[in-house]
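Engineer:
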Amino acid sequence: MVKLYYESNDIGLGINKMQAYLNMFQDRGLIQTRNLQDGVFGPRTQQATKEWQQYKGLPITGTIDTSTWASIVDELRELKIISNIPATVDSYYFSQGNQSLGVYQMQMYLNEIAAKNPCLRPIPVDGLYGPRTTMAVQQFQYLYDLTIDGVIGAQTFDAIVNTRNMQ
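Position in the sequence shown counted from 1, then plus 8, gives you the working numbering.
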């Protein structure tokens, strides 16, 4: 079973990015709690997440699930914020065999991009980084002049998020 949420004590690039996004909202007065941006889902991140969920009228769980993540990224899009927020862990990436909320979200974004770009084909959105996801990432990397390795590293992650947000 793929874990499609981030919760207390989780660690990683996705959490670091969500912390940075939540801090942007705190800077704008939408929530009150500021995160450390350390890539660790601790008490501050949980509190900021709850405040965000309350602000957006979502169930207040304190976890970053698919609806919370989507609301955060949609808000960035509405504010016309294009983000290239640095990751705290340089070696972190998504590749074939991974399964997570981050993979699920990247699959969703790749499909949104594919809907507007006939050179890309839609893929299953299941949180599992299989051969079809690898091929879609390689096609994306080719079209956007990135290193073609089928891996979602920091540059490909940012390119996918920013391309999706600019549509």
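For each residue, glycine too, the CB sits at the ideal point set by N, CA and C.
Computed from a predicted structure; not experimentally measured.
For Thr74, which of Ala123, Ile89, Ser108 has the nearest alpha-carbon?
Structural biologist: It is Ser108 whose Cα lies nearest to the Cα of Thr74.
Engineer: Which whole-angstrom value is the C-beta distance of Trp60 and Phe102, which I expect to be below 8 Å?
Structural biologist: Not really, about 24 Å apart at Cβ, beyond 8 Å.
Engineer: With a threshold of 7 Å on Cβ separation, who are the neighbours of Val133 within its own chain once the five nearest residues in sequence on each side are excluded?
Structural biologist: Within the same chain, Val133 has close Cβ partners Tyr112, Gln115, Met116, Asn119.
Engineer: Which of the three DSSP states is assigned to Ile68 in this structure?
Structural biologist: Here Ile68 sits in coil by DSSP.
Engineer: Are there 16 or more other CB atoms within 10 angstroms of the CB of Asn17, so buried, or fewer, so exposed?
Structural biologist: Per the 10 Å Cβ criterion, exposed.
Engineer: If you draw a straight line from the C-alpha of Val48 to the C-alpha of Gln40, how long is it?
Structural biologist: Roughly 19 Å between the two C-alpha positions.
Engineer: Answer with buried or exposed for Leu44, where buried requires no fewer than 16 other C-beta atoms within 10 angstroms of its C-beta.
Structural biologist: By the 10 Å Cβ count, Leu44 comes out exposed.
Engineer: Suppose you measure from the CA of Asp82 to the CA of Ala144; what does that come to, to the nearest Å?
Structural biologist: Their backbone Cα atoms lie some 23 Å apart in a straight line.
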